[in-house]
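Participant:
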Amino acid sequence: MTQLPTDIIPNRTDPQNTATNGPAVLNEQNLEVFHGEENLTRVRSEAPQDYDLVILSSFGGPEGQEDVIPFLRNVTAGRGIPDERLEEVATHYRANGGVSPINEQNRALLAALQTALAEKGPDVPITWANRNWEPYVKDVVQEAYDKGARKILVLATSAYPGYSSCRQYREDYGIALEQLGLEGKLQIDKVRQYFDAPGFIAPFEDGLIEGLQDVRARLEQAERKAAGNGKIRIMFCTHSIPTSAANEAGPRGVDYEGGSAYVEKHLQAARAVLAGVEKKHPELLKDVEWELVYQSRSGPPSMPWLEPDVNDALEALEGTVDGVVLVPLGFVSDHMEVKWDLDTEALDTCEKLGFVATRTPTPGTHPEYVEMLRQLIVQRVASSAPSQNPAELDELRTSACGTPGWFDACNPDCCVSARAKAQKPTIATYTGADKAEGARS
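The numbering of the sequence shown is this note's numbering, which starts it at 238 and goes up by one.
Here it is as structure tokens:
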């Protein structure tokens, strides 16, 4: 396990720490008081199984103009949002022909994983299912059962802990099992969140190196500069969520940096990316500061969401930096929220403010990312796992963030919403003891 240094340049989150609920200034000393869920000392790996099928599970998106409103109805089901308001959100999809890029990107990732599994193993088929559009989870589960599958492993296209990024996937399959009457007949497990996996960090590291080189080269050629001081700001961008949801992310009784597993894991991933850049090209981080920013918020203005918004953060930089590198750290592919919120809105803001700016790639089908996903499957399949002992599998894990990594089966209270009237059925739920040390309630 890699031990992440605490003195990487810079050794703070963002200059004013505006992206978290943590202390006003983070430094080498008070960083050490945050231990995340490392105080939960239980074994994190589950025993490998003989799985019949892997399902690549994603959010889904419309495939044409006629799909846009039905898709948005699925996304907002139960909230009572009228079509007139959905049409306001639909403009992003309408401008792209009503097609979300996410489906084609998932097809490409599925094909890459099918090739990788065929060439290197394990010998297990892989298919695809969506939460909000075809192919729907419920339909894929029923088809798999009808074809004889009795043990399924779900691989979600989401790297971080949180309700919508982890627990809701677990609910998707728990609800499907209940509605189909397959509880006790079909076992469905889930691959852990992989924010700390070296193969997830590597594409962002490569992209940041290229992005910094690009911005520096363009600044050298620029006749006019926004501030004239040569400074560059790296903005690690992720999806904003309500602060209440952020504070509920992760298991209970844990001191998270920023008050949330969602925030902390993004900060850890950002530091891992920076540590990799510093190791290879330390000169690129000269006169560079960084921060974690948020995008794509929705909901009523009265509801607090994680801030700062990327565009507000850019406006706040006016006259203080010459260049900006936007790193879409919270996203695994260039779907609509990356293409619109960053490539259109944020880069337009940069142009307005005179910043030389670029947006770095998401993992997509980067070879190291695909291989990392294959390895996560390898570790869960009995015929290919390096050990059948969960404790030994824990020891064999590799982390770019210096952490034990996430749980194969989540605590029952992990990411539970306080607003939920009743808990929904889930898969991949841990039923043993926590063995918590020093946890706060």
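Just so you know, even glycine gets a beta-carbon here, dropped at the ideal spot from N, CA and C.
Whole angstroms is fine: what's the gap from E555's alpha carbon to P537's?
Facilitator: One C-alpha to the other measures close to 28 angstroms.
Participant: Would you say A366 and P359 are within 8 angstroms of each other, going by their C-beta atoms?
Facilitator: Cβ distance not < 8 angstroms, so A366 and P359 don't count as in contact.
Participant: Which residues mark the beginning and the end of the beta strand (DSSP E) in which S295 is found?
Facilitator: Start and end: L290 to S295.
Participant: Which residue wins for smallest C-alpha separation from P565, given the options V593, E528, W542 and H518?
Facilitator: When each option's Cα is compared against that of P565, the closest is E528.
Participant: Below 8 angstroms on the Cβ atoms is my guess for E408 versus T663; work out the distance and round it to an integer in Å.
Facilitator: At roughly 5 angstroms, the Cβ-Cβ gap stays under 8 angstroms, so E408 and T663 are in contact.
Participant: Can you tell me whether DSSP reads E494 as helix, strand or coil?
Facilitator: E494 falls in the helix class under three-state DSSP.
Participant: Rounded to the nearest angstrom, what separates Q532 and T475 at their Cα positions?
Facilitator: Their Cα atoms are separated by approximately 6 angstroms.
Participant: Would you check if the region 625 to 632 and the region 465 to 474 touch, i.e. whether three or more CB-CB distances between them fall below 8 angstroms?
Facilitator: Because the criterion of three Cβ pairs below 8 angstroms is not met, the region 465 to 474 and the region 625 to 632 do not touch.
Participant: Please identify the residue among S654, W542, K661 and D645 whose C-alpha is closest to the C-alpha of L392.
Facilitator: It is D645 whose Cα lies nearest to the Cα of L392.
Participant: What's the C-alpha gap between L350 and C652?
Facilitator: If you take the alpha carbons of L350 and C652, they lie about 29 angstroms apart.
Participant: Starting from G560, follow its DSSP beta bridges and name the residues at the other end.
Facilitator: In the DSSP output, where bridge partners are listed per residue, G560 has I469 and V593.
Participant: Hey, L521 and L456 are a contact pair by Cβ (cut 8 angstroms); roughly how many whole angstroms apart?
Facilitator: Going by Cβ atoms, the distance from L521 to L456 rounds to 12 angstroms, so no, they are not a contact pair.
Participant: Would you mind stating whether E485 and Y397 have Cβ atoms separated by less than 8 angstroms?
Facilitator: It is not a contact, given that the beta carbons lie outside the stated cut-off.
Participant: Which complete alpha helix (DSSP H) runs does the region 395 to 436 hold, if anything under 4 residues is left out?
Facilitator: Here the runs fully enclosed are 405 to 417.
Participant: Comparing alpha-carbon positions, which option in F437, I412 and Y431 lies nearest I425?
Facilitator: The residue with the shortest Cα to Cα distance from I425 is I412.
Participant: Can a CB atom of chain D be found closer than 8 angstroms to the CB of A619?
Facilitator: Considering every chain present, this structure includes no chain D. It has just one protein chain.
Participant: Report the rounded CA-to-CA distance for S624 versus D304, giving the unit in angstroms.
Facilitator: About 46 angstroms.
Participant: Go ahead and label G560 buried or exposed: buried means 16 or more other beta carbons lie within 10 angstroms of its beta carbon, across all protein chains shown.
Facilitator: Answer is buried; the Cβ neighbour count reaches 16.
Participant: Apart from the five residues on each side of it in sequence, which residues of its chain come closer than 8 angstroms, Cβ to Cβ, to T480?
Facilitator: Result list for T480: N258, P541, W542 and L543, in chain order.
Participant: With DSSP as the reference, label N648 as helix, strand or coil.
Facilitator: Note: N648 maps to coil in three-state DSSP.
Participant: Between S654, A659, E460 and V562, which has its C-alpha nearest D451's C-alpha?
Facilitator: When only C-alpha atoms are compared, the closest one is V562.
Participant: Just confirm the distance between the C-beta atoms of T394 and N333, as a whole number of angstroms; I'd bet it's less than 8 angstroms.
Facilitator: Contact doesn't hold; Cβ gap of about 19 angstroms is too wide.
Participant: Taking one C-beta from the region 568 to 576 and one from the region 503 to 523 each time, how about it: are there three or more such pairs within less than 8 angstroms?
Facilitator: The region 568 to 576 is not in contact with the region 503 to 523.
Participant: The beta strand (DSSP E) with K388 in it runs from where to where?
Facilitator: Looking at the DSSP string, the run of the beta strand (DSSP E) that includes K388 is K388 to A393.
Participant: Quick check on DSSP: helix, strand or coil for W577?
Facilitator: Of the three classes helix, strand and coil, the one that applies to W577 here is helix, per DSSP.
Participant: Is A550 helix, strand or coil by DSSP?
Facilitator: A550 falls in the helix class under three-state DSSP.
Participant: Any contact between the region 308 to 320 and the region 647 to 661? By contact I mean 3 or more CB pairs, one from each, below 8 angstroms.
Facilitator: In short, these stretches do not touch, since the Cβ pair count stays below three.
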